[in-house]
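Trainee:
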Amino acid sequence: VRVLYVRNLTQDCSEEKLKECFEQYGKIDRVKKIKDYAFVHFEDRDNAVKAMRELHGKEIGGSHIEVALAKPPFDKKKKEDMLRARERRMMQMLQGRGG
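What follows is the structure, given as structure tokens:
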């Protein structure tokens, strides 16, 4: 994972400000801010981990930020397979009751 999840951001904390803070730890591919959180995309995982360790709990724009490795999006196929398996189990349970 080369993406950091940054939360507890103030309204006036811009993507540009975040980029300035994080790029001292390595090359940034992009920054995407959404309300009070953001995703910071690093080119290199080691730099992302270094930035996370250094900046977690630091104050940016008057607020102490929380920094963690972003979780990759949930695999859609895995989710569909899980739902199908659950549906099969439910059907077997219902049929087992003699319904």
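End of the sequence shown = 99 in UniProt numbering, gap-free, step of one.
The beta carbon of each residue, even a glycine, is placed where N, CA and C say it ideally should be.
Being a predicted model, the structure only gives us computed values, none of them experimental.
#1: Should Val-40 and Leu-69 be called a contact, given that it needs their Cβ atoms to be closer than 8 Å?
#2: The alpha helix (DSSP H) with Leu-9 in it runs from where to where?
#3: Between the Cα of Ile-65 and the Cα atoms of Arg-7, Val-1 and Arg-2, which residue gives the shortest distance?
#4: First and last residue of the beta strand (DSSP E) that includes Glu-54?
#5: Can you tell me whether Arg-88 is helix, strand or coil according to DSSP?
#6: Can you pull the DSSP bridge partners for Glu-59?
#7: If you reduce the DSSP assignment to three classes, tell me which class Lys-33 lands in.
#8: Roughly how many whole angstroms lie between the Cα atoms of Asp-44 and Ile-28?
#9: Under 8 Å between the Cβ atoms of Glu-15 and Lys-33?
Mentor: So, from the data block:
#1: no
#2: Premise fails: Leu-9 is in no alpha helix (DSSP H) and is neither H nor E.
#3: Ranking the options by Cα distance to Ile-65, first place goes to Arg-7.
#4: No beta strand (DSSP E) contains Glu-54, which is instead part of the alpha helix (DSSP H) from 45-55.
#5: helix
#6: As DSSP reads the structure, Glu-59 sits in a beta bridge with His-64.
#7: In the structure shown, Lys-33 sits in a strand (DSSP, three-state: E or B).
#8: 9 Å
#9: yes
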